[in-house]
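> Residue numbers (the working numbering): 108 to 458.
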Amino acid sequence: MKILAIETSCDETAAAVTEGRRILSNVIFSQVNIHKKYGGVYPTLAKRAHLEKIDLIINKALKIARVSWSDLGAITVTFGPGLVVALEVGVNRAKELAQRYKKPVIPVNHLEGHFYSAFAQNGRGNPVRDFIFPCLFLIASGGHTSLILVKGHLDYQILGQTLDDAAGEALDKAAKMMNLGYPGGPIIEKLAQEGKLDSFDLPVPMLRHPGLNFSYSGLKTAFKYQLEKMGKGEIFASLPDLASSFQEATFKAILAKTKRALSNIEVKCLVVGGGVLANKLLRKKLRRLVKDQEVTIYFPSFKKLTGDNAAMIGVAAFYKYQQGIYLKKNFDKLDRVARPDLNLWTKKLKK
Ligand code: KG4
Ligand code: ZN
Numbered sequence: 108m109k110i111l112a113i114e115t116s117c118d119e120t121a122a123a124v125t126e127g128r129r130i131l132s133n134v135i136f137s138q139v140n141i142h143k144k145y146g147g148v149y150p151t152l153a154k155r156a157h158l159e160k161i162d163l164i165i166n167k168a169l170k171i172a173r174v175s176w177s178d179l180g181a182i183t184v185t186f187g188p189g190l191v192v193a194l195e196v197g198v199n200r201a202k203e204l205a206q207r208y209k210k211p212v213i214p215v216n217h218l219e220g221h222f223y224s225a226f227a228q229n230g231r232g233n234p235v236r237d238f239i240f241p242c243l244f245l246i247a248s249g250g251h252t253s254l255i256l257v258k259g260h261l262d263y264q265i266l267g268q269t270l271d272d273a274a275g276e277a278l279d280k281a282a283k284m285m286n287l288g289y290p291g292g293p294i295i296e297k298l299a300q301e302g303k304l305d306s307f308d309l310p311v312p313m314l315r316h317p318g319l320n321f322s323y324s325g326l327k328t329a330f331k332y333q334l335e336k337m338g339k340g341e342i343f344a345s346l347p348d349l350a351s352s353f354q355e356a357t358f359k360a361i362l363a364k365t366k367r368a369l370s371n372i373e374v375k376c377l378v379v380g381g382g383v384l385a386n387k388l389l390r391k392k393l394r395r396l397v398k399d400q401e402v403t404i405y406f407p408s409f410k411k412l413t414g415d416n417a418a419m420i421g422v423a424a425f426y427k428y429q430q431g432i433y434l435k436k437n438f439d440k441l442d443r444v445a446r447p448d449l450n451l452w453t454k455k456l457k458k
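#1: So, are the CB atoms of Val215 and Phe240 less than 8 Å apart?
#2: Ignoring anything shorter than 4 residues or poking outside the stretch 376 to 436, list the alpha helix (DSSP H) runs there in chain order.
#3: The alpha helix (DSSP H) that contains Leu111, what's its start and end?
#4: With 16 as the cutoff for other CB atoms within 10 Å, does His217 come out buried or exposed?
#5: Label Thr151 either buried or exposed according to how many other C-beta atoms from any shown protein chain fall within 10 Å of its C-beta, with 16 as the threshold for buried.
#6: How would you write the range of the beta strand (DSSP E) that Leu261 sits in, first residue to last?
#7: How far does the alpha helix (DSSP H) with Tyr198 in it extend, from its first residue to its last?
#8: When every heavy atom of the ligand KG4 is checked, does at least one fall within less than 7 Å of the C-beta of Val383?
#9: I'd like the span of the alpha helix (DSSP H) that includes Arg367, first residue to last.
#10: Going by other Cβ atoms of all chains shown within 10 Å of its Cβ, with 16 needed for buried, is Val148 buried or exposed?
#11: Are Lys154 and Val192 close, meaning C-beta to C-beta below 8 Å?
#12: Any idea which residues DSSP pairs Thr185 with across the strands?
#13: Just to confirm, are Ala122 and Ile182 a CB contact at a threshold of 8 Å?
#14: Tell me the DSSP secondary structure of Ile239 in three-state form.
#15: Any heavy atom of the ligand KG4 closer than 7 Å to the Cβ of Leu278?
#16: Between which two residues does the beta strand (DSSP E) containing Asn133 stretch?
#17: Write down the C-beta distance between Pro407 and Ser224 rounded to the nearest angstrom, noting that I regard them as a contact closer than 8 Å.
#18: Does the beta-carbon of Ser370 have 16 or more other beta-carbons within 10 angstroms, so that it is buried, or is it exposed?
#19: Give the single residue among Gly381, Cys376, Glu373, Leu309 whose Cα lies nearest to the Cα of Ala350.
#20: Measuring alpha carbon to alpha carbon, tell me which residue in Ser352, Arg231, Ile420, Pro290 is nearest Glu301.
#21: Where the beta carbon is closer than 5 Å to any heavy atom of the ligand ZN, which residues qualify, in chain order?
#22: Considering only the beta carbon of each residue, do Ile432 and Glu114 sit closer than 8 Å?
#23: Could you check what DSSP says for Glu126 in three-state terms: helix, strand or coil?
#24: Let me confirm a value: Phe222 is counted as buried when at least 16 other C-beta atoms fall within 10 Å, else exposed. Which label applies?
#25: Going by beta-carbon coordinates alone, are Asp118 and Val139 separated by less than 8 Å?
#26: Check Thr120 in the structure and name its three-state DSSP category.
#27: Can you give me the Cβ contacts of Phe307 inside the same chain, cut-off strictly under 6 Å, excluding the 5 residues immediately before and after it?
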C-alpha cells in the first residue's frame with residue numbers, strides 16, 4: 108500500500124510517498140534561511156512558510172513517486188510533539204486531503220518516525236535490516252534527547268529524557284552565544300575539529316545523577332559564565348577550543364547515559380536518530396561504545412533521514428496500518444495536535 112506522508116512539526120516542510128519500508132519520494136523544504144537571523148525557530152514565520160510551501164511539496168512528492176491520488180491507500184501525518192502552530196498546518200492539510208480523496212489518516216508521533224528512519228529502504232529495498240526487539244532507541248535532536256526502550260513494533264517505554272534543553276538545542280544556543288549562526292550543531296562540529304578537547308572546564312550534565320535523564324541548562328549557564336570572563340578578542344581566538352569543549356561535554360552525557368542504559372537493560376540493538384546524529388564524532392564514539400558488546404547499532408538508513416523528513420513518518424505509518432491503527436471517521440474528537448505521548452496513537456486506536 109502506498110502512503111502519502113506529511114511532516115511539519117518544526118522548521119522543515121516535508122512530504123514523501125512510501126510503500127512498506129520503501130521510500131518512493133522524499134521531499135524536504137528547509138526553513139533554515141528564514142530562521143537563521145533569529146538563532147532559532149520563529150513560530151509565526153514557521154507557520155507561514157509551511158502554509159506557503161505545503162501544497163507544492165506534497166505535489167512534488169507525488170510527482171517524483173509517479174503516483175496519483177487513486178494509487179494512495181492512506182495519508183499519514185505527524186501529530187506531535189512539536190510546535191503546535193507548525194503541526195497544525197500538516198494535520199489540517201492531511202485531514203482536508205483525506206476527506207476530499209476518501210483516504211484514512213494514520214497519526215504518527217514524531218519520535219517514532221525517527222526510530223523507523225533506521226529501517227527505511229530505497230526503492231530497490233536496501234538496506235535490509237532486521238528488527239531486533241527489544242531495542243534501545245537514542246534520539247538526539249533540536250527538540251529531544253531521550254532514551255526509549257522499543258519492546259516491539261509500536262510498543263515504547265521512555266527510560267530517560269531531557270529535563271530542560273535538548274542536546275541540539277544546547278549546541279544551537281552555544282553557537283548563538285558565540286555569534287556563530289544557526290543551526291549551531293554543524294558549525295560547532297566543524298570548528299571543534301581544530302580545537303582541543305576539555306580546554307575549558309565545563310560540567311558534564313547529569314553524569315553523577317542516577318537514572319537516564321539528561322539536563323543541559325547547567326552546561327549552558329557554565330558556558331555563558333565562561334564567555335563573560337573572556338574578552339571579545341580572546342573568545343575569537345579560542346573559538347575552536349570553546350566549540351570542542353562544549354561539544355565534548357554535550358556528547359559525554361549522551362554516551363554515559365547510553366552506556367548505562369545498555370548495561371542495565373537486556374538489548375541486542377541500539378537504534379540512533381535525530382539531527383545531532385549527523386555529527387561524525389558522535390557516530391564514531393557510539394560505534395566505539397558498542398564495539399565490545401553484542402549490540403547491533405543502526406543509524407538512519409540514509410543521511411537525509413537523520414534530520415526531520417516525511418519518509419520516516421511514512422515508514423512508521425506502515426506498521427500502524429498493519430495493526431489497523433488510523434483515526435476513526437469522526438476525527439474531530441481525536442485530532443487535537445501536539446500530543447507528546449508516544450503510545451497515545453497506538454494502543455488507544457487499535458480496532
Ligand atoms: O532532528 P532535527 O533535524 O530537528 C528536530 O527534530 O529538532 O535536529 C536539528 C538539530 C539542531 O539542533 C542542529 O543543531 C542539530 O540537530 N545538528 C547537529 C548537526 N547537524 C544538525 N548537531 C551536531 N552535529 C551536527 N553535524
Ligand atoms: Zn526531529
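Positions of the beta carbon are idealized from the N, C-alpha and C atoms, including for glycine.
Per the coordinate set shown:
#1: Counting from one through the sequence shown, the residue named residue 215 turns up at place 108. Counting from one through the sequence shown, the residue named residue 240 turns up at place 133. Not closer than 8 Å, so no.
#2: As far as the stretch 376 to 436 is concerned, its whole alpha helix (DSSP H) runs of at least 4 residues are 387 to 398, 418 to 429.
#3: Reading the sequence shown from its first residue, position 4 is the one you call residue 111. For Leu111, there is no enclosing alpha helix (DSSP H); the residue is part of the beta strand (DSSP E) that begins and ends at 109 to 114.
#4: Translated into positions along the sequence shown, residue 217 becomes position 110. His217 is buried by the Cβ-count criterion.
#5: As a working note, residue 151 is residue 44 in the sequence shown. So Thr151 ends up on the exposed side.
#6: In the sequence shown, the residue the question calls residue 261 occupies position 154. Counting along the chain, Leu261 falls outside any beta strand (DSSP E), and DSSP gives it neither H nor E.
#7: Sequence index remark: in the sequence shown, residue 198 carries index 91 (1-based). Per the sequence shown, residue 198 should be read as Val rather than Tyr. Run containing Val198: 191 to 208, per the alpha helix (DSSP H) assignment.
#8: Numbered from its first residue, the sequence shown carries residue 383 at position 276. Val383 Cβ: within cutoff of the ligand KG4.
#9: Position 260 of the sequence shown, counted from the first residue, corresponds to residue 367. First-last of the alpha helix (DSSP H) with Arg367: 339 to 371.
#10: Counting from one through the sequence shown, the residue named residue 148 turns up at place 41. Of the other Cβ atoms in all chains shown, 16 or more fall within 10 Å of the Cβ of Val148; this residue is therefore buried.
#11: Position 47 of the sequence shown, counted from the start, is the residue given in the question as residue 154. Position 85 of the sequence shown, counted from the start, is the residue given in the question as residue 192. Yes, Cβ-Cβ distance for Lys154 and Val192 is below 8 Å.
#12: As a first step, residue 185 is located in the sequence shown; it is residue number 78 there, counting from the start. Thr185 pairs with Val215.
#13: By one-based count along the sequence shown, residue 122 stands at place 15. By one-based count along the sequence shown, residue 182 stands at place 75. Ala122 is not a Cβ neighbour of Ile182, given a cutoff of 8 Å.
#14: The count along the sequence shown starts at 1 and reaches residue 239 at position 132. In the three-state DSSP reduction, Ile239 falls in the coil class, being neither helix nor strand.
#15: Stepping through the sequence shown from its first residue, residue 278 is reached at position 171. True, at least one ligand heavy atom lies under 7 Å from that Cβ.
#16: The residue given as residue 133 occupies position 26 in the sequence shown. First-last of the beta strand (DSSP E) with Asn133: 129 to 137.
#17: In the sequence shown, counting from the first residue as 1, residue 407 sits at position 300. In the sequence shown, counting from the first residue as 1, residue 224 sits at position 117. Between Ser224 and Pro407 the Cβ distance is about 4 Å, and since that is below 8 Å, they are a contact.
#18: By 1-based counting over the sequence shown, the position of residue 370 is 263. Counting Cβ neighbours within 10 Å, Ser370 comes out exposed, since fewer than 16 surround it.
#19: Here the question's residue 350 lines up with position 243 in the sequence shown. Scanning Gly381, Cys376, Glu373, Leu309 for the CA closest to the CA of Ala350 turns up Leu309.
#20: Here the question's residue 301 lines up with position 194 in the sequence shown. When each option's Cα is compared against that of Glu301, the closest is Ser352.
#21: That query returns the following residues: Ser248, Asp415.
#22: To locate residue 432, count along the sequence shown from 1; it is residue 325. To locate residue 114, count along the sequence shown from 1; it is residue 7. Not closer than 8 Å, so no.
#23: Residue 126 sits at position 19 when you count from the first residue of the sequence shown. Strand at Glu126.
#24: For the purposes of this step, residue 222 is taken as the residue at position 115 of the sequence shown. Buried, since its Cβ has 16 or more Cβ neighbours within 10 Å.
#25: Here residue 118 corresponds to residue number 11 of the sequence shown, with the count starting at 1. Here residue 139 corresponds to residue number 32 of the sequence shown, with the count starting at 1. It is a contact, given that the beta carbons lie within the stated cut-off.
#26: Position 13 of the sequence shown, counted from the first residue, corresponds to residue 120. Three-state result, Thr120: strand.
#27: For the purposes of this step, residue 307 is identified with residue 200 of the sequence shown, where counting begins at 1. So the qualifying residues of the chain are Gln333, Ser352.
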